[in-house]
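Written below as structure tokens is the structure these notes are about.
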Amino acid sequence: MSTPAALEAVRRHAPLVSCITNAVVTNITANVLLALGAAPAMVDITGEAGPFARVASTLLINLGTPQPEQRDAAREAVAAAADAGTPWVLDPVAIGTLTHRTALARELFGRGPSVVRGNASEILALAGDGSGGRGVETADDVAAALDPACDLARSHGCVVAVSGPVDLITDGESVIHVQGGSALLTRMTGGGCALGAVVAAFLGAGRKEGLDDVSAVVAAHAVYSAAAERAEVRSTGPGSFPPAFLDALYALEMQDLQNVSVSATSATTAAGGGPA
Amino acid sequence: MSTPAALEAVRRHAPLVSCITNAVVTNITANVLLALGAAPAMVDITGEAGPFARVASTLLINLGTPQPEQRDAAREAVAAAADAGTPWVLDPVAIGTLTHRTALARELFGRGPSVVRGNASEILALAGDGSGGRGVETADDVAAALDPACDLARSHGCVVAVSGPVDLITDGESVIHVQGGSALLTRMTGGGCALGAVVAAFLGAGRKEGLDDVSAVVAAHAVYSAAAERAEVRSTGPGSFPPAFLDALYALEMQDLQNVSVSATSATTAAGGGPA
Amino acid sequence: MSTPAALEAVRRHAPLVSCITNAVVTNITANVLLALGAAPAMVDITGEAGPFARVASTLLINLGTPQPEQRDAAREAVAAAADAGTPWVLDPVAIGTLTHRTALARELFGRGPSVVRGNASEILALAGDGSGGRGVETADDVAAALDPACDLARSHGCVVAVSGPVDLITDGESVIHVQGGSALLTRMTGGGCALGAVVAAFLGAGRKEGLDDVSAVVAAHAVYSAAAERAEVRSTGPGSFPPAFLDALYALEMQDLQNVSVSATSATTAAGGGPA
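These protein sequence lines map, in sequence, to chains A, B and C. Those letters in the first sequence? Residues 1 to 276, by UniProt numbering. Those letters in the second sequence? Residues 1 to 276, by UniProt numbering. Those letters in the third sequence? Residues 1 to 276, by UniProt numbering.
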């Protein structure tokens, strides 16, 4: 299934995305999902997070501001998702030196997420390499995360996505690079976090159509990049960019997706070089 | 008092609206109230929520992300509001199958809100009918909520407002339909939740002027619809809509209110048909 | 160091600003810092807030929605900041009659913030005068806070900044007034709270360059005012203002800073009159 078809699937199914995410980005995350055509719901308390993860199409666990109640809710949701077969995405925000989120990320990673999405420093920290970034900022290049990402994907049977100027997506066998996007995404809070939610939405809709997870994750990144490019030309800075980005996600047409460069190679070949 | 006069009252009194609301929409809720001319304050911890509900003009209780501390704060605020005579609005977000919020909504509903505002699924769930919507989305039509809304209003002596393409407001005797608005409100997080806060603001200002609660709630919906219509023509999607909506609330003039269709009938007549 | 040089320092150093702030403004606060060129991180749970305050360039403590966990995290962060020499800003939002935040503000103020920033009612309440404002709105004039602000600054060895139509900044000896800005900042949630974060960013970058704290705080206010003026002419209301404000912070050039009126006098002279 192509990226345009995956986008159509999201719009048609309007997957219900259960989000346990951080306090800084809840609003933009929900708005990104609504603009895309998905149905967000932030259900992040114990007693509700589990049951809701069962009925949702897909689940996002983002560790950006992991309050104690939310940490327990995340555990409950992940257990329910595993039991019900709900695909889920782990976004290990700013792990490395911060203790609670780092420990929780490792614990949840062991419970079998469908996808892990983060920046290079976060993926390196999850692999036990590096010491993390500067808060939510990465201190490492995407290329440096290639081998750890492939190892994590193989050892855990999941898809790992590393965001950066060129995004890297791998299941441990094939490696796909997605180019494009906009530097303004790094000047907008939630530029990375909302991408995690979009990945979850594509995963949920993709599963309903029999789409493999790698293709769903690639489609999510390609759509995100295409919308960011469209928004950048319509905005004059990081303040006008988010409204333009939401408008772009909403209005994205199939031809907008043609400019996104997606290149695939094998993990072994990729280890010898980056994208063309 | 007409809707224009009610809007003038809000702008003149700048009612202090104490909001206990969900994490996703706090920011847009506060901005909607500020644009309208009201004074929002989010005081949602125990020990402060009660005393603040006493001095506020009006109180909003929204159950969208009911953390344990917030649930206790809501109970404290409602008790203080009842004691001090502060009018208050209950917004039973996404109740139905989610246990904590559903139980709390029923408990608080028994303590005498001035107004309950929700979508059709939420009102049906509060009445014990239906099984709730899909997260915050309704799964039912406004018309299906007419009889339960009238019953709830009569049995509890409050105003019930059901939001949808055509809003329905009733005190159990008369039924008022407000048409207009914009479908983009459903693509903006907080489109419904912020309306609950606007209802609270009109309620607070209306009480100071001796306006009956039904008229205040109708005016809130009419102003919201008029601003949404004005914003829709000035925006290019769900991202540019919220800024345009806030600008419209701020700049709304009396003639903008003329296009909103408000039609009243009796509960018994309405049971036989919808709005013209 | 001049205000333009201080802005250059912020952009060059990209200070890591650890923010413990309220739920209503986390998003706009982070976006303001990103637009300015700083690196925000909201680390507000115990076990993480302390260690992070050690490595951050600067720390903001804003008491707008002080959940129990956040209150403990604030104490932990302040203790760590004191130990590590991290400069920090206290923003005592809406203190006066609300008990938890008022007690916590007094406690934290005793632990030696580098800067206290608030509106006139908040500064008066911190000094033990006045009874606080209406929620986050001030009920007092900036001029009324002059003497208490100077007293607080002298007795605690910190800088006190009072926001209003004309901002007042003092270390107890000199008094600086910063004019300009936009009334739309009072119609945008976080207009004051995000200023506290900007003060923290300038403080962090300023320290790296050997800039005295008063000059850093003045520069923060001058930059904020200049960006607000630039944004006001590019916006049509309180909804289009925040995006324009973020764009302005991002694009602010040195000549934009020339129009901000900054006037200095001594505390004793200022007590006899206001700014010219």
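Even glycine gets a Cβ: it sits at the ideal position worked out from N, Cα and C.
Legend entry - Inter-residue spacing [alpha-carbon to alpha-carbon] between B/A5 and C/G204: By 1-based counting over the second sequence, the position of residue 5 of chain B is 5. By 1-based counting over the third sequence, the position of residue 204 of chain C is 204. Rounded to whole angstroms, B/A5 to C/G204 spans 50 Å at the Cα level.
Inset, instruction - Below 7 Å CB to CB, which residues in the same chain sit around B/V55 once its five sequence neighbours on both sides are set aside? - result: For the purposes of this step, residue 55 of chain B is taken as residue 55 along the second sequence, with counting starting at 1. If we look at B/V55 and ignore the five residues flanking it on each side, it has no Cβ neighbours.
Inset, instruction - Using the Cα positions of C/N27 and A/A73, report the straight-line distance between them to the nearest angstrom. - result: For the purposes of this step, residue 27 of chain C is taken as the residue at position 27 of the third sequence. For the purposes of this step, residue 73 of chain A is taken as the residue at position 73 of the first sequence. Their Cα atoms are separated by approximately 22 Å.
Inset, instruction - Starting from C/V262, follow the beta strand (DSSP E) in both directions and report where the run begins and ends. - result: Counted from its first residue, the third sequence places residue 262 of chain C at position 262. Where C/V262 is concerned, the enclosing beta strand (DSSP E) stretches over 262–266.
Inset, instruction - Could you tell me whether the region 39–52 of chain B touches the region 66–80 of chain A, using the rule of 3 or more Cβ pairs below 8 Å? - result: no
Inset, instruction - Could you please give me the residues that DSSP links to B/A200 through a beta bridge? - result: Here residue 200 of chain B is taken as the residue at index 200 of the second sequence, counted from 1. Answer is none; B/A200 lacks a bridge partner.
Legend entry - C/G50 at chain A interface by Cβ criterion, 8 Å: Taking the first residue of the third sequence as position 1, residue 50 of chain C is located at position 50. Taking Cβ atoms only, chain A never reaches closer than 8 Å to C/G50, which makes this a no.
Legend entry - Near-chain C residues of the region 23–42 of chain A - C-beta to any C-beta below 9 Å: A23, V24, V25, T26, N27, I28
Legend entry - Residue range of the unbroken alpha helix (DSSP H) whose run includes A/N119: Translated into the one-based positions of the first sequence, residue 119 of chain A becomes position 119. Element bounds for A/N119: not the alpha helix (DSSP H) but the beta strand (DSSP E), 115–119.
Inset, instruction - Pick out whichever of C/Q255, C/R187, C/P15, C/L146 has its Cα sitting closest to the Cα of C/D167. - result: Reading the third sequence from its first residue, position 167 is the one you call residue 167 of chain C. Nearest option by C-alpha distance: C/L146.
Legend entry - Proximal residues of chain C, C-beta to C-beta of B/G47 below 7 Å: In the second sequence, the residue the question calls residue 47 of chain B occupies position 47. T99, H100, listed in chain order.
Inset, instruction - Tell whether a beta-carbon distance below 8 Å holds between C/T138 and C/G164. - result: As a position in the third sequence, residue 138 of chain C is number 138, starting the count at 1. As a position in the third sequence, residue 164 of chain C is number 164, starting the count at 1. Their beta carbons are under 8 Å apart, which means C/T138 touches C/G164 by this criterion.
Legend entry - Contacts around C/V260, its chain only, beta-carbon distance under 6 Å, and the 5 residues preceding and following it disregarded: To locate residue 260 of chain C, count along the third sequence from 1; it is residue 260. These residues qualify, in order along the chain: G180, A222, S225, A226.
Inset, instruction - Identify, in the order they occur along the chain, each residue of the same chain with its Cβ nearer than 7 Å to the Cβ of B/A127, setting aside the five sequence neighbours on each side. - result: As a first step, residue 127 of chain B must be located in the second sequence, where it is residue number 127. Correct list, in chain order: P148, D151, L152.
Inset, instruction - Throw me the rounded Cβ distance for the C/L34 and A/T21 pair, which I believe falls under 8 Å. - result: Position 34 of the third sequence, counted from the start, is the residue given in the question as residue 34 of chain C. Position 21 of the first sequence, counted from the start, is the residue given in the question as residue 21 of chain A. Going by Cβ atoms, the distance from C/L34 to A/T21 rounds to 18 Å, so no, they are not a contact pair.
Inset, instruction - May I have the straight-line CA-CA distance separating A/R184 from A/A79, to the nearest angstrom? - result: Numbered from its first residue, the first sequence carries residue 184 of chain A at position 184. Numbered from its first residue, the first sequence carries residue 79 of chain A at position 79. It should be pointed out that residue 184 of chain A corresponds to Leu in this sequence rather than to Arg. Using only the alpha carbons, I get a separation of about 36 Å.
Inset, instruction - Measuring only between beta-carbons, confirm whether B/V115 sits less than 8 Å from chain A. - result: Translated into positions along the second sequence, residue 115 of chain B becomes position 115. By this cut-off, B/V115 is not an interface position.
Inset, instruction - Could you spell out where the beta strand (DSSP E) holding C/N31 opens and where it closes? - result: Translated into the one-based positions of the third sequence, residue 31 of chain C becomes position 31. That residue, C/N31, is in no beta strand (DSSP E); its alpha helix (DSSP H) goes 26–36.
Inset, instruction - Go ahead and label B/P68 buried or exposed: buried means 16 or more other beta carbons lie within 10 angstroms of its beta carbon, across all protein chains shown. - result: Stepping through the second sequence from its first residue, residue 68 of chain B is reached at position 68. So B/P68 ends up on the exposed side.
Inset, instruction - Report buried or exposed for C/M42, applying the criterion of at least 16 other Cβ atoms within 10 angstroms of its Cβ. - result: Counting from 1 along the third sequence, the entry for residue 42 of chain C is found at position 42. Buried.
Inset, instruction - Label A/G157 either buried or exposed according to how many other C-beta atoms from any shown protein chain fall within 10 Å of its C-beta, with 16 as the threshold for buried. - result: Within the first sequence, the letter at position 157 stands for residue 157 of chain A. Looking at its Cβ environment, which holds fewer than 16 other Cβ atoms inside 10 Å, A/G157 is exposed.
Inset, instruction - Could you tell me whether the Cβ of A/E69 comes closer than 8 Å to any Cβ of chain B? - result: Along the first sequence, read from residue 1 onward, the residue named residue 69 of chain A stands at position 69. Chain B, which has a Cβ nearer than 8 Å to the Cβ of A/E69, makes this yes.
Legend entry - Euclidean distance between Cα positions of C/D256 and C/R12: Here residue 256 of chain C refers to the residue found at position 256 when the third sequence is read from its first residue. Here residue 12 of chain C refers to the residue found at position 12 when the third sequence is read from its first residue. Roughly 19 Å between the two C-alpha positions.
Legend entry - Cβ separation of B/V136 and B/V93, assumed to be a contact under 8 Å, to the nearest whole Å: By one-based count along the second sequence, residue 136 of chain B stands at place 136. By one-based count along the second sequence, residue 93 of chain B stands at place 93. Confirmed, about 6 Å.
Inset, instruction - Indicate the three-state DSSP secondary structure (helix, strand or coil) for A/S163 in the structure shown. - result: Along the first sequence, one-based indexing puts residue 163 of chain A at 163. In this structure, A/S163 counts as strand in the three-state DSSP scheme.
Inset, instruction - Note down, in chain order, all residues in the region 238–259 of chain B with a beta-carbon under 7 Å from any beta-carbon belonging to chain C. - result: P242, P243, A244, F245, L246, D247, Y250, A251
Legend entry - Cβ pair C/A219, C/L60 closer than 8 Å: Residue 219 of chain C sits at position 219 when you count from the first residue of the third sequence. Residue 60 of chain C sits at position 60 when you count from the first residue of the third sequence. Not in contact: C/A219 and C/L60 (Cβ atoms no closer than 8 Å).
Legend entry - Close Cβ partners of B/G191 (< 6 Å) along its chain, the five nearest in sequence each way excluded: Translated into the one-based positions of the second sequence, residue 191 of chain B becomes position 191. These residues qualify, in order along the chain: L185.
Legend entry - Within-8 Å CB hit, A/D151 to chain B: In the first sequence, the residue the question calls residue 151 of chain A occupies position 151. A/D151 does not count as touching chain B.
Inset, instruction - Return the residues of the region 8–23 of chain C that lie within a Cβ-Cβ distance of less than 7 Å from chain A, sorted by chain order. - result: L16, A23
Inset, instruction - Jot down the residue ranges of each uninterrupted beta strand (DSSP E) in the region 2–77 of chain B, minimum 3 residues, whole runs only, in chain order. - result: 16–20, 39–41, 58–62
Inset, instruction - Give me the Cα-Cα distance between B/D141 and B/N119, rounded to the nearest whole angstrom. - result: Within the second sequence, numbered from 1, the residue matching residue 141 of chain B stands at position 141. Within the second sequence, numbered from 1, the residue matching residue 119 of chain B stands at position 119. Cα to Cα, B/D141 sits roughly 9 Å from B/N119.
Legend entry - Cβ-based neighbour list, C/A276, same chain, cut-off 6 Å, excluding 5 preceding and 5 following: Counting from 1 along the third sequence, the entry for residue 276 of chain C is found at position 276. Caution is warranted here: a pLDDT of 41 is assigned to C/A276, below 50, making its placement in the model unreliable, and the coordinate value is therefore given only provisionally. There are no such residues.
Inset, instruction - Please say whether A/L246 and B/P238 have beta carbons closer to each other than 8 Å? - result: As a first step, residue 238 of chain B is located in the second sequence; it is residue number 238 there, counting from the start. As a first step, residue 246 of chain A is located in the first sequence; it is residue number 246 there, counting from the start. Their beta carbons are under 8 Å apart, which means B/P238 touches A/L246 by this criterion.
Inset, instruction - Tell whether a beta-carbon distance below 8 Å holds between C/A125 and C/T102. - result: In the third sequence, residue 125 of chain C corresponds to position 125, counting from 1. In the third sequence, residue 102 of chain C corresponds to position 102, counting from 1. Yes, Cβ-Cβ distance for C/A125 and C/T102 is below 8 Å.
Inset, instruction - Leaving out five residues on either side along the sequence, give the residues of the same chain with a beta carbon under 6 Å from the beta carbon of B/V217. - result: One-based indexing of the second sequence puts residue 217 of chain B at position 217. Excluding sequence neighbours, B/V217 sits near V115, V159, A161, I169, V199.
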